[in-house]
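Engineer: A single structure is presented below for examination.
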Amino acid sequence: AALPSFRRLLKGGDELPGNGSTLAEAGVAHGDTLTLVARWASVLVASYRDGHVRVLDTTGTDAELCWRFGDAAVAISWCGDGQRLAVASIFNADGRGKLGVYARASGQQEEVHQLDGPAADAHWAPGGADMAVADPDVVRVVGPSKPVRDLRIGGAAVPPSVRLGRAQITAAAWSPDG
């Protein structure tokens, strides 16, 4: 199970130190009542057609972050550890999509992957190293130390004549168990 993004332990209204000391070292005796305060999902992210991405804290306790990815942001996905955010765009100036990876705490761009086609969807793999990015014709696997890999049916692209009408890939998702 994932740990909460924020947690505190209280004894009689006083916060116990979060420095790794034991309960006994923090002055907790047998029979004392403790209160665990945890906040789970309180951060949302929104993407805009003009390329802006905004990280919003629903509690109002943390500062909001806002930056511009440069193109229309069409898909956003949190990494499983909650520390990185992937943002996919529809088109770059040369007609290709791109995928950016940003640090949650600072909004700093960590990676940019140029894609061969427009991005339609993006999702992190359960381990947090790879991402699946869907475009109309192929699902791409993107990783920090790997080149972009295209996943195609049977090792070859499906010719347009085999498609039913104008069917296009619109989404991709990883199995939660890897």
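Counting in this note's numbering, the sequence shown runs from 6 upward without gaps. Ideal placement from N, C-alpha and C gives every residue a C-beta, glycine not left out.
Provide the residue span of the beta strand (DSSP E) that contains HIS118, from first to last.
Structural biologist: First-last of the beta strand (DSSP E) with HIS118: 114-119.
Engineer: Is the CB-CB distance between ILE174 and VAL147 below 8 Å?
Structural biologist: No; because the gap between Cβ atoms is not below 8 Å, this pair is not in contact.
Engineer: If we count the other Cβ atoms within 10 Å of its Cβ and call it buried at 16 or more, is SER52 buried or exposed?
Structural biologist: Flag for SER52 reads buried.
Engineer: Keeping to the same chain, check which residues put their C-beta closer than 6 Å to that of ALA130; ignore five residues upstream and five downstream.
Structural biologist: So the qualifying residues of the chain are TRP179.
Engineer: Please report the distance separating the alpha-carbon of GLN119 from that of VAL106.
Structural biologist: One C-alpha to the other measures close to 12 Å.
Engineer: For the beta strand (DSSP E) holding TRP83, just list the boundary residues, first then last.
Structural biologist: First-last of the beta strand (DSSP E) with TRP83: 78-83.
Engineer: How is the beta strand (DSSP E) around TRP129 delimited, first residue to last?
Structural biologist: Element bounds for TRP129: 126-129.
Engineer: Sort GLY133, SER111, PHE74, ARG59 by Cα distance to VAL117 and report the nearest one.
Structural biologist: Selected option, being the one with the closest Cα: PHE74.
Engineer: Could you have a look at LEU21 and say whether DSSP puts it in helix, strand or coil?
Structural biologist: DSSP places LEU21 in coil when its eight states are reduced to three.
Engineer: Can you have a look at ALA177 and say buried or exposed, based on whether 16 or more other CB atoms are within 10 angstroms of its CB?
Structural biologist: Looking at its Cβ environment, which holds 16 or more other Cβ atoms inside 10 Å, ALA177 is buried.
Engineer: Return the Cβ separation of LEU70 and GLY112 in integer angstroms, given the expectation that the two are a contact with Cβ distance under 8 Å.
Structural biologist: The pair is a contact, with the Cβ atoms about 4 Å apart (cut-off 8 Å).
Engineer: Work out the CA separation of HIS57 and PRO181 for me, nearest whole Å.
Structural biologist: If you take the alpha carbons of PRO181 and HIS57, they lie about 29 Å apart.
Engineer: DSSP beta-bridge partners for TRP72?
Structural biologist: Paired residues: VAL58.
Engineer: Excluding the five sequence neighbours on either side, which residues of its own chain have a C-beta within less than 7 Å of the C-beta of ILE95, listed in chain order?
Structural biologist: Result list for ILE95: ASP76, ALA77, VAL79, GLY102, PRO123, ALA124, in chain order.
Engineer: Taking DSSP's pairing of strands, which residues face ALA34 in a bridge?
Structural biologist: Looking at the DSSP assignment, ALA34 forms no beta bridge with any residue, so it has no partner.
Engineer: Any idea what DSSP makes of LEU28, helix, strand or coil?
Structural biologist: Three-state result, LEU28: coil.
Engineer: Could you please give me the residues that DSSP links to ALA108 through a beta bridge?
Structural biologist: ALA108 pairs with ARG89.
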